[in-house]
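Written below as structure tokens is the structure these notes are about.
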Ligand SMILES: [Ca+2]
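Numbering (mature numbering (1 follows the signal peptide of the UniProt record, and there is no 0)), first residue to last: -17 to -1, 1 to 198.
Here you go:
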């Protein structure tokens, strides 16, 4: 459930413990929200932006927070794949457009404030879509998610660690390990193309505070 504090944090972008080096989650920029580019809309009217389709971003990759902030300034956030329909819709675009991998808003809750009982054990119950503050199904319910059965060290995802850095951000990988197109936990500092999805809370906030912009 969303709390007032969580919504405040989600909109205004505070320096949360999970972001190193003083980086913050950026708040929306009203003018950039008004000028946001929509590459495609789902039947329910929600707009999406795909970094690999933007000529100015050709070859540009961002780490997970960089991707989120690009989206958030535009009243969007990294894509959250809450339904299999949306998941398949996104995956089709990766396949058709030969995109190797993308960031989603999925994140392991492994920072301050994540000691809540319902999130334990973290590797099973600790994953959530940060853009909408919604928990993923437990990683053990394999029919309720799209985690790969394989990874760099041949283990079902998420495997939390693969050699060095902790892997706590969720990327969709396209046949990277010859394992289909599906979810992998990846270290958040890796750089990837990204998909943005319009964010209801950020749009509502900017529409309310800047009605003249027609966002
Ligand atoms: Ca979504």
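Here a beta-carbon is modelled for each residue, glycine too, at the ideal position from N, C-alpha and C.
Cβ-heavy atom distance, residue i to ligand 2, below 7 angstroms
i: residue 64; result: As presented, the structure is devoid of ligand 2, carrying ligand 1 as its sole ligands.
Where residue i falls, given that 16 or more other Cβ within 10 Å makes a residue buried
i: residue 168; result: buried
i: residue 206; result: The chain is shown only over -17 to 198; residue 206 falls outside these bounds and no answer can be derived.
i: residue 181; result: buried
i: residue 192; result: exposed
i: residue 203; result: Any property of residue 203 remains undetermined from this structure, which presents the chain solely from -17 to 198.
i: residue 119; result: buried
i: residue 21; result: exposed
i: residue 52; result: buried
Inter-residue spacing [alpha-carbon to alpha-carbon] between residue i and residue j
i: residue 163; j: residue 194; result: 45 angstroms
i: residue 60; j: residue 136; result: 30 angstroms
i: residue 105; j: residue 98; result: 9 angstroms
i: residue 175; j: residue 74; result: 15 angstroms
i: residue 23; j: residue 159; result: 25 angstroms
i: residue 102; j: residue 113; result: 14 angstroms
i: residue 81; j: residue 149; result: 27 angstroms
i: residue 17; j: residue 189; result: 9 angstroms
i: residue 41; j: residue 65; result: 28 angstroms
i: residue 38; j: residue 126; result: 37 angstroms
Run of the beta strand (DSSP E) containing residue i, from where it starts to where it stops
i: residue 111; result: 110 to 112
i: residue 192; result: Careful: residue 192 lies outside any beta strand (DSSP E), inside the alpha helix (DSSP H) at 183 to 192.
i: residue 86; result: 84 to 91
i: residue 154; result: 152 to 157
i: residue 164; result: 164 to 169
i: residue 33; result: 30 to 33
i: residue 129; result: Unbroken run through residue 129: none, as it is neither H nor E.
Sub-8 angstroms separation of residue i and residue j beta-carbons
i: residue 4; j: residue 90; result: no
i: residue 19; j: residue 58; result: yes
i: residue 50; j: residue 177; result: yes
i: residue 55; j: residue 116; result: no
i: residue 140; j: residue 131; result: yes
i: residue 153; j: residue 110; result: yes
i: residue 10; j: residue 198; result: no
Residue i - containing alpha helix (DSSP H), residue span
i: residue 78; result: 67 to 79
i: residue 54; result: 47 to 56
i: residue 16; result: 13 to 17
Own chain partners of residue i with C-beta closer than 6 angstroms, once the 5 adjacent residues on each side are dropped
i: residue -4; result: The pLDDT assigned to residue -4 is 49, lower than 50, so where the model puts this residue is not dependable; a value taken from the coordinates is nonetheless given after this. If we look at residue -4 and ignore the five residues flanking it on each side, it has no Cβ neighbours.
i: residue 187; result: none
i: residue -17; result: With a pLDDT of 45 at residue -17, under the threshold of 50, the modelled position of this residue cannot be trusted, and the question is left open.
i: residue 83; result: 157
i: residue 63; result: 88, 112, 114, 115
Sequence-distant residues of the same chain with beta carbon closer than 7 angstroms to residue i, five excluded per side
i: residue 129; result: 70, 165, 166
i: residue 15; result: 56, 57
i: residue 78; result: 157, 164
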